[in-house]
Amino acid sequence: MEIDYNAGSKMLRGFPKIKKLGAVSPCGESTPFVFGGRLYRLELADPTRGLDAGAPICALIRDRETGRILSRFGEGCYYYSLYTENDTVYVIGVRSQPRALSGDTLMLFESRDLRHWSARELLTNPGWQYYNTSLTKGPDGYVLCMEAGSPAEYVGAHPFTCFFATSPDLVHWELTDYGKAFSKDRYNGGPWMRYSDGWYYLISVTELPCRRYTNYIFRTRDFTDWEVGKYNPILMPDEEDRKLSPYCYDLTPTLIEKIRTGFISSNADVDMCDWQGKTVITYNVGDQLGFYYLAEAEYDGPVDRFLAAYFDE
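In C-alpha cells:
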C-alpha cells in the first residue's frame, strides 16, 4: 500500500535545499563513493549513448578531484551500480543480452584497490529484463533493488518496476515475492536504495506528462507499505543544469555547446554519498532520447539527514 499526504498533512520545515554544481562528465549512470579518504565516481562509459548495444561499453572509476581514470572494467555489462563495505568495493553490472543493453543475469565485480577487479555471477532469473540496480545492507542482511522491464505479467502495464532480492552474504540470494514489487501502477525505474534508521529509502525515476522525468523518494520498513516523501519531487530540470562544475572532465566542445542549448527534460538516476559533512549527489541530465550528461549537486548535511528531511513535517 502507498501512503501519501492527506488533508491534515503539514510542511513545516520546507523542501530540502539542493545546490546544483553543474555538469561533470559525458558518461551515464554514476555512483559517487569514498575510498581511502578520497572521493571517486563509478561512471557508465558508452560512446554511442545507448544507441548501439554492440559498442565497447564499460564501467570506469574516476577520481573526482583530478579527473584521473583509475580503471576500466565490466565489459559486456550495462547499468552499473556500486556498494562499499570493509575496504572492498562491489560493482553490480547487468550482463547485456545480444542486441540489448538489458539482461537476466547480474554480475558482481570486486576490488580492494580500484584497479584490479574480480568477477562472478551474482544471480540470474531467466526470461527477465533487468536494468538499473541498487544494493544496501539492513539489519537482516543485504537487499538488492532491481529495475525490471519484463516479463509483462509481473512488471505490469508500465515499462519499469522495482523488484527485490535478499542475501545474508552476497553469495546466496533469494528473490522476494513478486507481489512486493513497487510500483506497478506507473513508470518506476532508475532506483537508488539505502537503509537508514529503521527505514529502507528508495529514490526512483518517474515519468511526468509530455515525457518529463524526475525523481521521487519513498520509504518502507517491510516492503509492503510505502510512505511517499512529503517534499517530492527531487531535482526537476532547470537552467542550473547547464552550469559546468569545477570538477568537470572530458567534456568536448560539441557536448559543452549542447549542454548550453540542448533540450533538457530529465533529471534522473540519482545516486549519492557522504563527503566532508555534505551529501554529494550525482544524476543524469538530458532528454531520454540519446542526449545526456552527468551532473553533480550537494546538500548541506549527511545522507541520513537528507533522506529523513523529505518526510519531516
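Sequence positions in the sequence shown follow the numbering used here and run 2 to 314. Idealized CB from N, CA, C, for every residue including glycine.
For the pair T137 and M194, the CB atoms are nearer than the 8 Å cut-off. Where F164 is concerned, the enclosing beta strand (DSSP E) starts and stops at T162 to S168. Straight across, the Cα-Cα distance linking Y248 with L209 is about 31 Å.
Under the three-state reduction of DSSP output, G278 falls in the coil class, being neither helix nor strand. In the structure shown, the three-state DSSP call for R39 is strand. Secondary-structure assignment with DSSP links G190 through a beta bridge to V206. About 6 Å separates the beta carbon of R220 from that of Y201, a gap short enough to meet the 8 Å contact definition. A straight-line Cα-Cα distance of about 14 Å links V92 and M147.
Distances from the CA of G38 to each of G180, A24 and R65 were compared; the closest alpha carbon is that of R65. The beta carbon of M12 sits closer than 8 Å to the beta carbons of K231, Y232 and E314 from its chain, once the five residues preceding and following it are set aside; these are given in chain order. When DSSP states are grouped into helix, strand and coil, G23 belongs to the strand group. Judged by DSSP in its simplified three-state form, R63 adopts strand. The continuous alpha helix (DSSP H) containing T262 extends over residues P254 to T262. Taking 8 Å as the cut-off, the Cβ atoms of M108 and C59 do not count as close. Within the same chain, Y80, S82, I93, V95, L107, L145, C146, M147, E148 and P192 come within 8 Å of T134 by CB-CB distance, once the 5 residues on both sides are set aside.
Note on geometry: alpha-carbon atoms of I260 and S112 lie some 34 Å from one another. Check the Cα spacing between V206 and each of A269, D226 and R222: the tightest is with A269. Cα atoms of L40 and D272: separation of roughly 14 Å, rounded to the nearest angstrom. Distance from Y131 to G190 at the Cβ level is roughly 11 Å; contact not present, criterion being Cβ atoms closer than 8 Å. A straight-line Cα-Cα distance of about 22 Å links T215 and S151. Pairing L245 with E175, the inter-Cα distance amounts to about 43 Å. G180 carries a helical assignment under DSSP once its states are collapsed to helix, strand and coil. In this structure, E3 sits near S184, with a CB-CB distance shorter than 8 Å.
Between Q98 and G75, the alpha-carbon positions lie close to 14 Å from each other. DSSP links K138 through a beta bridge to Y143. Looking at the DSSP output, Y217 sits in a beta bridge with S205.
When DSSP states are grouped into helix, strand and coil, E240 belongs to the helix group. Under DSSP, Y232 forms no beta bridge with any residue. For a cut-off of 8 Å, the C-beta gap from A298 to K20 is around 6 Å, short enough to register as a contact.
Here F16 is exposed, its C-beta having fewer than 16 other C-beta atoms within 10 Å.
In the DSSP assignment, A310 falls outside any beta strand (DSSP E) and lies within the alpha helix (DSSP H) extending over V304 to A310.
Cβ neighbours of A46 within its own chain (closer than 8 Å, five residues either side excluded): C28, G29, I58, C59, A60, L61 and R73.
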